[in-house]
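Going by numbering that gives the first Met the number 0, the first residue of the first sequence is number 0, and it counts up by one from there.
Written out below as structure tokens is the structure these notes cover.
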Amino acid sequence: MMDSEGKRSNDFYQDVFDLVRLIPKGKVTSYGAIARYLGSASASRMVGWAMNASHKQLPPVPAHRVVNRNGMLSGKMHFPSPDAMQSLLEAEGVKVVDDQIVNFQQHFWNPIDELGFDD
DNA sequence: TTCCTGACTCCAG
DNA sequence: CCTGGAGCCAGGA
0 MMDSEGKRSN DFYQDVFDLV RLIPKGKVTS YGAIARYLGS ASASRMVGWA
50 MNASHKQLPP VPAHRVVNRN GMLSGKMHFP SPDAMQSLLE AEGVKVVDDQ
100 IVNFQQHFWN PIDELGFDD
């Protein structure tokens, strides 16, 4: 029961949403990068789980800019349409072939490298 | 309450 | 090269 200050779980989700919203257009990042930035490198699965709930967040979260470490659109099947994610990425200048981002490293946006640790 | 699954990632074979 | 298993934390039945 977290009602006093043990709201880290909630903050984790909020941080994920906030961070994903900070991803510049035409850029993408990985679940692991987000998890690591938040301090939970092993919580990569939780990031994906948070993304599942991101679609109900306001303002909307650009979940299409979040892919796995291989740059593969692992979450495309969870979008309203399986092609929505790819279409959104290509609309931002990110080319996608075979459900995988071309020149992924070139489009990769590392929050730790760009934002660094607040601390 | 417990058990299972998951938009991930790493390591071993 | 590809496939399988383990670890991780949270939410749903």
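Ideal Cβ placement from N, Cα and C applies to all residues, glycine included.
Quick caveat: nothing in here was measured; it's all calculated off a predicted structure.
7 Å Cβ cutoff met for residue i and residue j
{"i": "residue 106", "j": "residue 26", "result": "yes"}
{"i": "residue 60", "j": "residue 16", "result": "yes"}
{"i": "residue 40", "j": "residue 53", "result": "no"}
C-alpha gap between residue i and residue j, whole angstroms
{"i": "residue 116", "j": "residue 30", "result": "17 Å"}
{"i": "residue 85", "j": "residue 93", "result": "9 Å"}
{"i": "residue 20", "j": "residue 96", "result": "24 Å"}
{"i": "residue 35", "j": "residue 51", "result": "19 Å"}
{"i": "residue 37", "j": "residue 44", "result": "13 Å"}
{"i": "residue 81", "j": "residue 75", "result": "5 Å"}
{"i": "residue 18", "j": "residue 99", "result": "22 Å"}
Delimiting residues of the alpha helix (DSSP H) encompassing residue i
{"i": "residue 107", "result": "From DSSP, residue 107 is part of no alpha helix (DSSP H); its letter is neither H nor E."}
{"i": "residue 47", "result": "43-53"}
{"i": "residue 57", "result": "Where residue 57 is concerned, there is no enclosing alpha helix (DSSP H), given that its DSSP letter is neither H nor E."}
{"i": "residue 84", "result": "83-90"}
Contact test: residue i Cβ vs the ligand NAD heavy atom, cutoff 6 Å
{"i": "residue 93", "result": "This structure lacks the ligand NAD; in fact it carries no ligand of any kind."}
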